[in-house]
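Chemist: Residue numbering for the sequence shown follows my numbering, beginning at 53 and increasing consecutively. Heads up, the beta-carbon is just placed ideally off N, CA and C, and yes, glycines get one too. The structure's right below; bear with me while I get my questions together.
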Amino acid sequence: MKIAGKTLLAMSLMGVMAGAVQADDKVLHVYNWSDYIAPDTVAKFEKESGIKVVYDVFDSNETLEAKLLAGKSGYDIVVPSNNFLAKQIKAGVYQKLDKSKLPNWKNLNTDLLKAVSVSDPGNEHAFPYMWGSIGIGFNAEKVKAALGADAPTNSWDLLFKPENAAKLKSCGISFLDSPTEMIPVALHYLGYPTDSQDKKQLAEAEALFLKIRPSIGYFHSSKYISDLANGNICVAVGYSGDIYQAKSRAAEAGGKVKVSYNIPKEGAGSFFDMVAIPKDAENVEGAYKFMTFLQKPEIMAEITDTVSFPNGNAASTPLVSKEITSDPGIYPPADVQAKLYAIADLPAATQRIMTRSWTKIKSGK
């Protein structure tokens, strides 16, 4: 009886385990940024696919990276930013995509795919979900008062010409506190590759910043949102989404302060949040189905209408709200998109040079 009982128990456990494996195929674990999807996207996918989605959110690349590098994250779909993706690819974190399982790949924006290939050569591991730019947020009224009606608010000349920066000093200038994002701005302005490892070129970028350093109020990667909205500063180099947030806050406060955003005509940095499959994903087929679903034009249009970020799906553009697509700060025209560059994952030695340079720039010495 004991032997028979053990056999029966083993058979029962095998049945439970088989059921669990089968159940896992019907569950997909997704890890995305907070507030970065339409309210009904997941429900629509579940209805179409029959797959249950466990949808978790994070608020920093560092949080996601810690889970991925620790291994056995438990996620089948993750959404890293492109420069973090580059490091994680080198660490062997992701699966290479089988594009034969992604029939909607043709809907993606080829210019953006080219831009993110800096982080993922050949677009082998991921595709762009949402993205944004690093440009100029400004208070038009205050800038006009300082520089006149013909102030070059659509050009990096607004800040990198010392005579302009000096006149804007009194109303307040801020830059992001990020050497890997700000030094490439100076390199690009000087006509050099944004991923330059040339010490002479990097020194020239440093010198450009040092010329305008006396006019810069501060370096910070979030303070400028409230300061722009409140009228405490007049120009900020920052993330497009943050500046649109400042614009919304200013409007909600009564509209006395009007915030605008421009992508400089010379070109600007961009960030891309990418969709990828971790190497240890348990429901790979489900992940491909979710990716295919996200590559549908109508689905991405709904998400963009919700979060006000442009997406990586060119075929979705005609379906996105005209209020969003007509705003060149959110949805840049093709000629502007072609001038955007992705933030590269640079060698450690170059990053150290940039960090030392940034310390010098911030101190003004």
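Which full runs of the beta strand (DSSP E) of 3+ residues lie inside the region 75-148, going along the chain?
Modeler: Complete beta strand (DSSP E) runs here, min 3: 79-85, 104-110.
Chemist: Can you list, in chain order, the residues of its chain with a C-beta nearer than 8 Å to that of S278? Leave out the 5 residues immediately preceding and following it.
Modeler: Counting only Cβ-Cβ distances below 8 Å, and skipping sequence neighbours, we find N284, A298, R301.
Chemist: Does the beta-carbon of D325 have 16 or more other beta-carbons within 10 angstroms, so that it is buried, or is it exposed?
Modeler: Buried, because 16 or more other Cβ atoms sit within 10 Å of the Cβ of D325.
Chemist: Taking C-beta to C-beta, are P245 and L239 nearer than 8 Å?
Modeler: Against a cut-off of 8 Å, the Cβ pair of L239 and P245 comes out as a contact.
Chemist: Quick check: what's the CA-CA separation for L121 versus F190?
Modeler: C-alpha separation (whole angstroms): 39 Å.
Chemist: For N314, does the three-state DSSP call read helix, strand or coil?
Modeler: Three-state DSSP puts N314 in a strand.
Chemist: Using CA atoms only, rank isn't needed, just tell me which of G184, K414, N156, L280 is closest to I351.
Modeler: Here the closest residue by C-alpha is N156.
Chemist: Please tell me whether Y160 and A366 are closer than 8 Å, where the distance is taken between their beta carbons.
Modeler: Per the sequence shown, residue 160 should be read as Leu rather than Tyr. Cβ atoms of L160 and A366: closer than 8 Å.
Chemist: Between Q147, K219, R265, I188, which lies nearest to L199 when the distance is taken from Cα to Cα?
Modeler: For the residues Q147, K219, R265, I188, the minimum Cα distance to L199 belongs to K219.
Chemist: Closest by CA to P316, which one among G187, L262, K263, Y383?
Modeler: It is G187.
Chemist: Whole angstroms are fine: how far does the CA of L262 sit from the CA of K213?
Modeler: The straight-line gap from Cα to Cα measures roughly 12 Å.
Chemist: Taking the C-alpha atoms as reference points, what is the distance between T358 and I405?
Modeler: Taking the straight line from one Cα to the other gives about 40 Å.
Chemist: Return the first residue and the last residue of the alpha helix (DSSP H) that Y383 is part of.
Modeler: Run containing Y383: none; DSSP gives neither H nor E here.
Chemist: Look at the alpha carbon of G307 and the alpha carbon of K221, and state the distance between them as a whole number of angstroms.
Modeler: Looking at the two C-alpha atoms, the distance is approximately 24 Å.
Chemist: Quick test of your reading: E318 and W183, contact by CB under 8 Å. State the CB separation rounded to the nearest angstrom.
Modeler: 19 Å between Cβ atoms; not a contact.
Chemist: Need the endpoints of the beta strand (DSSP E) that N191 sits in, please.
Modeler: Segment 178-191, the beta strand (DSSP E) holding N191.
Chemist: Mind checking whether V94 and D128 have CB atoms under 8 Å apart?
Modeler: The answer is no: Cβ separation not under 8 Å.
Chemist: So the alpha helix (DSSP H) Y340 belongs to, where does it begin and stop?
Modeler: Unbroken alpha helix (DSSP H) run through Y340: 336-346.
Chemist: For V73 and S133, I'd like the C-alpha separation in whole angstroms.
Modeler: Summary for V73: the model assigns pLDDT 42, below 50, so the residue's position carries little reliability; its value from the coordinates is reported in the next sentence. In a straight line, the C-alpha of V73 is about 31 Å away from that of S133.
Chemist: Tell me, to the nearest whole angstrom, how far the beta carbon of D247 is from that of L392; I am working on the premise that it is less than 8 Å.
Modeler: Not really, about 14 Å apart at Cβ, beyond 8 Å.
Chemist: In the structure shown, what three-state DSSP assignment does A328 receive?
Modeler: Three-state DSSP puts A328 in a strand.
Chemist: For N206, name the three-state secondary structure that DSSP assigns.
Modeler: Looking at N206 - three-state DSSP - the assignment turns out to be coil, as it is neither helix nor strand.
Chemist: Return the residue from the list A288, A333, F342 that minimises the CA-CA distance to K194.
Modeler: Closest option to K194, Cα to Cα, is A288.
Chemist: Between which two residues does the beta strand (DSSP E) containing F227 stretch?
Modeler: Per DSSP, F227 belongs to the beta strand (DSSP E) from 225-227.
Chemist: Where does F271 sit, in a helix, a strand or coil, going by DSSP?
Modeler: In this structure, F271 counts as strand in the three-state DSSP scheme.
Chemist: In terms of DSSP beta bridges, what is L371 paired with?
Modeler: Note: L371 sits in no beta bridge, so no partner.
Chemist: For A257, which residues from the same chain have a beta carbon less than 6 Å from its beta carbon, with the 5 sequence-adjacent residues on both sides left out?
Modeler: These residues qualify, in order along the chain: I235, A238, L239.
Chemist: Within the chosen definition, does the region 363-383 reach the region 107-123 through at least 3 CB pairs nearer than 8 Å?
Modeler: No: the two stretches stay apart, fewer than three of their Cβ pairs being nearer than 8 Å.
Chemist: For G321, which beta-bridge partners are listed by DSSP?
Modeler: Answer is I186, Y393.
Chemist: In the structure shown, what three-state DSSP assignment does V309 receive?
Modeler: It is coil, neither helix nor strand.
Chemist: Spatial neighbours of T205 within its chain, please: CB distance less than 8 Å, with the 5 preceding and 5 following residues excluded, ordered by chain position.
Modeler: Around T205: I188, F190, A192, V195, S312, N314.
Chemist: How would you write the range of the beta strand (DSSP E) that S288 sits in, first residue to last?
Modeler: Looking at the sequence shown, residue 288 is not Ser but Ala. Element bounds for A288: 287-291.
Chemist: Let me know if S322 comes out buried or exposed under the rule of 16 or more other beta-carbons within 10 Å of its beta-carbon.
Modeler: Per the 10 Å Cβ criterion, buried.
Chemist: Use the C-beta contact count for D172: other C-beta atoms within 10 angstroms, 16 or more gives buried, fewer gives exposed.
Modeler: Buried.
Chemist: Return the CA-CA distance between S101 and L164, expressed in angstroms with no decimal places.
Modeler: Spanning the two alpha carbons is a distance of roughly 28 Å.
Chemist: Considering Cα atoms alone, identify which of Y241, L228, D250, P266 is closest to Y276.
Modeler: Comparing Cα positions, the closest option is L228.
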